[in-house]
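One structure below.
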Amino acid sequence: MVAKFDLNDDSVVVIIGTGAGGGVLANELAQKGVKVVALEAGGRYMPEDFINDEWDSFSQLAWTDARTTTGSWRVHKDFAGLPAWIVKAVGGTTTHWAGASLRFQDHEWKALTNYGKVEGANLLDWPIDSAEMAPWYEKAETKLGVTRTGDRAGLPGNNNFKVFEKGAKALGLKEVHTGRMAINSSEYDDRMACQQTGFCFQGCKWGAKWSSAYTDIPRGEATGNLEVRDRSHVARILHNDAGKVTGVEYFDKVGNLQMQKARIVCVAGNSFESPRLLLNSASSMFPQGLANSSGMVGKNYMRHTTGSVYAVFDKPVRMWRGTTMAGIMRDEARHDPARGFVGGYELETLSLGLPFMAAFLNPGAWGRGFTTALDSYENMAGMWIVGEDMPQLGNGVTLSETKDQHGLPVANVNFDDHPNDVAMRNHAYALGEEMYKAVGATRTFPTPPYPSTHNLGTNRMSEKAEDGVVNKHGQSHDIANLFVSDGSQFTTGAAENPTLTIVALAIRQAEHIASEMAAQNI
Amino acid sequence: MKHSHPAKHPPVRELSPTLAGISRRELLKRAFATGAMTVIGAGFIAAPDAAWAAEVSVITPEQMAALVQMARDIYPHDRLADKFYVVAVKGYDSEDNKALVAEGVAALEEAAKAQGHESYAAIGWEEDRVKVLQAIEGTTFFQTVRAGLVTGLYNQKEIWPLFGYEGESFSKGGYINRGFDDIDWL
Numbered sequence: 000m001v002a003k004f005d006l007n008d009d010s011v012v013v014i015i016g017t018g019a020g021g022g023v024l025a026n027e028l029a030q031k032g033v034k035v036v037a038l039e040a041g042g043r044y045m046p047e048d049f050i051n052d053e054w055d056s057f058s059q060l061a062w063t064d065a066r067t068t069t070g071s072w073r074v075h076k077d078f079a080g081l082p083a084w085i086v087k088a089v090g091g092t093t094t095h096w097a098g099a100s101l102r103f104q105d106h107e108w109k110a111l112t113n114y115g116k117v118e119g120a121n122l123l124d125w126p127i128d129s130a131e132m133a134p135w136y137e138k139a140e141t142k143l144g145v146t147r148t149g150d151r152a153g154l155p156g157n158n159n160f161k162v163f164e165k166g167a168k169a170l171g172l173k174e175v176h177t178g179r180m181a182i183n184s185s186e187y188d189d190r191m192a193c194q195q196t197g198f199c200f201q202g203c204k205w206g207a208k209w210s211s212a213y214t215d216i217p218r219g220e221a222t223g224n225l226e227v228r229d230r231s232h233v234a235r236i237l238h239n240d241a242g243k244v245t246g247v248e249y250f251d252k253v254g255n256l257q258m259q260k261a262r263i264v265c266v267a268g269n270s271f272e273s274p275r276l277l278l279n280s281a282s283s284m285f286p287q288g289l290a291n292s293s294g295m296v297g298k299n300y301m302r303h304t305t306g307s308v309y310a311v312f313d314k315p316v317r318m319w320r321g322t323t324m325a326g327i328m329r330d331e332a333r334h335d336p337a338r339g340f341v342g343g344y345e346l347e348t349l350s351l352g353l354p355f356m357a358a359f360l361n362p363g364a365w366g367r368g369f370t371t372a373l374d375s376y377e378n379m380a381g382m383w384i385v386g387e388d389m390p391q392l393g394n395g396v397t398l399s400e401t402k403d404q405h406g407l408p409v410a411n412v413n414f415d416d417h418p419n420d421v422a423m424r425n426h427a428y429a430l431g432e433e434m435y436k437a438v439g440a441t442r443t444f445p446t447p448p449y450p451s452t453h454n455l456g457t458n459r460m461s462e463k464a465e466d467g468v469v470n471k472h473g474q475s476h477d478i479a480n481l482f483v484s485d486g487s488q489f490t491t492g493a494a495e496n497p498t499l500t501i502v503a504l505a506i507r508q509a510e511h512i513a514s515e516m517a518a519q520n521i
Numbered sequence: 000m001k002h003s004h005p006a007k008h009p010p011v012r013e014l015s016p017t018l019a020g021i022s023r024r025e026l027l028k029r030a031f032a033t034g035a036m037t038v039i040g041a042g043f044i045a046a047p048d049a050a051w052a053a054e055v056s057v058i059t060p061e062q063m064a065a066l067v068q069m070a071r072d073i074y075p076h077d078r079l080a081d082k083f084y085v086v087a088v089k090g091y092d093s094e095d096n097k098a099l100v101a102e103g104v105a106a107l108e109e110a111a112k113a114q115g116h117e118s119y120a121a122i123g124w125e126e127d128r129v130k131v132l133q134a135i136e137g138t139t140f141f142q143t144v145r146a147g148l149v150t151g152l153y154n155q156k157e158i159w160p161l162f163g164y165e166g167e168s169f170s171k172g173g174y175i176n177r178g179f180d181d182i183d184w185l
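Top line first, the protein sequences correspond to chains A and B. Under numbering that gives the first Met the number 0, the first residue of the first sequence is numbered 0, with each subsequent residue one higher. Under numbering that gives the first Met the number 0, the first residue of the second sequence is numbered 0, with each subsequent residue one higher.
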């Protein structure tokens, strides 16, 4: 029985966003008997609705509401209105994500301590560490059914992986396998095994990839404690004279402004929308925006040091067949400043279909240099770089002059690479090209970063209130009943795809919120 | 894709092998050549061998011919027939784009003349046409046409097989039994 809560019910926890953070938190709280209203800006799409077509799927799932960009990053030049390729739907970006599920390495929790001060960077240690997170990671891996954890087998390697693996081994690289993936290698938790369909980014039509859209959300709803209101865009978080949040205003399905009262509000709209909402909620008591006494809301935006390497061979690869990202090389994930940068990176297999390859291989390029690459599409292999980038005070989200369809200022995203990011990317490009050349590549393409998929850090977690927005539980330093539950709470980015860590933090946060509620502390 | 809202390629009516009521021989007789394309009287443009033909209602056949040539020179794929480029630019035959096309093609022709050519479409070598395009690369016209082609050309499912791309695979059960790991040359 799906719950239906009254707008004036001030005993509910309101969660804004239903992705890896919000969707998991909603279910975890509902399982503990906590009443939850989850407000999701997007619509509800299930596996049968997903589309094996890149542009049609993009139109269905992607967040294409207005955003603006500034800064020297190439995304600003080529995709000025699309700083991120993330999702507006129930399940959030867990519909689109590739499934790579890696724990942070020990040293990455303490970046400032282990890397030292880096000029121009605003590094900080997380107030938590590997030992603290280990049990939560294990719960997250079990929830997601991550391959190569527990007793779950790895996925089989597709053509793209075989090329990648052979190149890595030819160079003497050691840690290369088909990844730790939240994609079933055999039936698990009522979800079937991967059918090697490709189109992981377009929503898994088999449900073999974990997404909160068809796991945590319906399970939470089945408890009778969770109500999900889709197509509900939160405009503002409200507070009382005591400085506690009391509810939210949102535009409902038909565009009417509604007010939902709340005992606790949890923000989980990804690293652009979450700080945007806190900033748009400014009041006379909180003129800089909610939870922003530190001035850190919207600051320290990280997007991972990314880029791709594609290569053409003299024979077909057909990289699009099979699981998109089931392939990883981790030898460079370590911290080894002898390479000319701090932190590390992973190389992961990746492919795009022809339509997206045309859009992303070298945006803006034209003529035969570009088209001869596409002529060899069938013979291409591809990999993606994902590495730790530096938090910088100047990188982040501010309110734009541009307004959205509701009249609310949109997020402007400013980004400049740090020299450390550039050095890491160049190192990764060179290694990726070398890997492919070792297998006989006739041409390689160091491809620039796409619109961001990993968006982190704009409401960062800190020990001290002056250094960040939230404490070690994601609870805002300023307002006890206001939480941040998504990747924006990341203190630093680490080299790993962030979803597993977002899920682990959400499970942990649910435990904290439920026990604090029981103790009447919030 | 230039913007966050990718333009779908414009709806295009079916291209007939010959125009209704006009035989291929008649068509060729009436035609005069402008480079690779042929303008056939008012409102029509066709391939010299009449393999395809398109009708324009707002812009001129000469402007459409220039757009088609420009599309091929921006994203040249020798294995793609002209008809795919025609489909990709057909949307410019509209009131909304009339001024953009008129000014843009005029600038293109001016750039061609400045480089000593009679007209853009009449230039024999692709390399020479590319030099003319480079002269107008910074214009809104060029960038609009180029950006539109990214979806207008490459999102035509009919061209995918020519690149080996197989498209949708769910309805066929994915590739689990259809060669996801069939690479045999490593």
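Even for Gly, the Cβ is constructed at its ideal location relative to N, Cα and C.
Boundaries for A/K116: no alpha helix (DSSP H) harbours it, and the DSSP string shows neither H nor E there.
In this model, A/G431 and A/M516 are separated by some 50 Å (Cα to Cα). Collapsing the DSSP output to three states places A/N269 in a helix. Straight across, the Cα-Cα distance linking B/A134 with A/L398 is about 38 Å. In summary, A/D9 is exposed, with fewer than 16 beta-carbon neighbours lying within 10 Å of its beta-carbon over all protein chains present. Residue-level contact check: B/T150 touches chain A, since one or more beta carbons of chain A fall below 8 Å from its beta carbon. In this chain, A/I216 is not harboured by any beta strand (DSSP E); it is covered by the alpha helix (DSSP H) spanning 215-221.
Taking a 10 Å sphere around the C-beta of A/K142, we find 16 or more other C-beta atoms and assign the residue as buried.
Neighbours of B/P75 in chain A, taken as residues at a C-beta separation under 8 Å, are given in chain order as G366, R367, T370.
Taken atom to atom, the span from the alpha-carbon of B/G103 to that of B/F141 is near 8 Å. For B/L185, the neighbours in chain A by C-beta distance under 8 Å run, in chain order, K161, V162, K165, V438. Taken atom to atom, the span from the alpha-carbon of A/I14 to that of A/I236 is near 11 Å.
Here the alpha carbons of A/H95 and A/A494 stand approximately 20 Å from one another. Within the same chain, Cβ atoms closer than 8 Å to the Cβ of A/W135 are found at A503, L504, I506, R507, the five residues on either side in sequence being excluded. Using a C-beta cut-off of 8 Å, the segment 481-488 of chain A makes contact with the segment 453-465 of chain A, since at least three inter-stretch Cβ pairs fall below that distance. Under a 10 Å Cβ-count criterion, A/N239 is classified as exposed, with fewer than 16 other Cβ atoms of the shown protein chains found around its own Cβ. Counting of Cβ neighbours within 10 angstroms places A/D313 among the exposed residues, the total staying below 16. The beta carbon of A/K161 is closer than 7 Å to none in its chain, skipping five residues each way along the sequence. Under the DSSP assignment, A/S350 falls outside any alpha helix (DSSP H); it carries neither an H nor an E label. Residue state for A/K402 is assigned as strand, using DSSP reduced to three classes. With contacts defined by Cβ atoms closer than 8 Å, A/N520 and A/P126 do not form a contacting pair. For A/E377, the chain B residues whose C-beta falls within less than 9 Å of its own C-beta are F162, G163, Y164, listed in chain order. Separation of the CB atoms of A/V296 and A/V468 is rounded to 6 Å, and the pair is thereby assigned contact status at 8 Å. Checking the DSSP bridge columns, you'll see A/V244 partnered with A/H238.
For A/N361, the closest Cβ of chain B is not nearer than 8 Å. In the three-state reduction of the DSSP assignment, A/Y249 falls in the strand class. For a cut-off of 8 Å, the C-beta gap from A/V89 to A/E137 is around 27 Å, too long to register as a contact.
Sequence-ordered contacts of the segment 309-330 of chain A with chain B read F312, D313, K314, P315, V316, R317, W319, R320, G321, T322 [C-beta pairs closer than 9 Å].
Rounded to whole angstroms, the gap between the alpha carbons of A/E174 and A/E345 is 10 Å.
Annotated three-state conformation of A/R73 is helix, per DSSP.
The Cβ of B/I175 sits closer than 8 Å to at least one Cβ of chain A.
The contact set of B/D181 on chain A, defined by CB atoms closer than 9 Å, consists of N158, R317, R320 in chain order. The DSSP-derived three-state label of A/K3 is coil. At a cut-off of 8 Å between beta-carbon atoms, B/F43 makes no contact with chain A.
If you compare the alpha carbons of B/L185, B/G173, B/I182 with that of A/T322, the shortest gap goes to B/G173.
Taking 8 Å as the CB threshold, A/K204 lines the interface with chain B.
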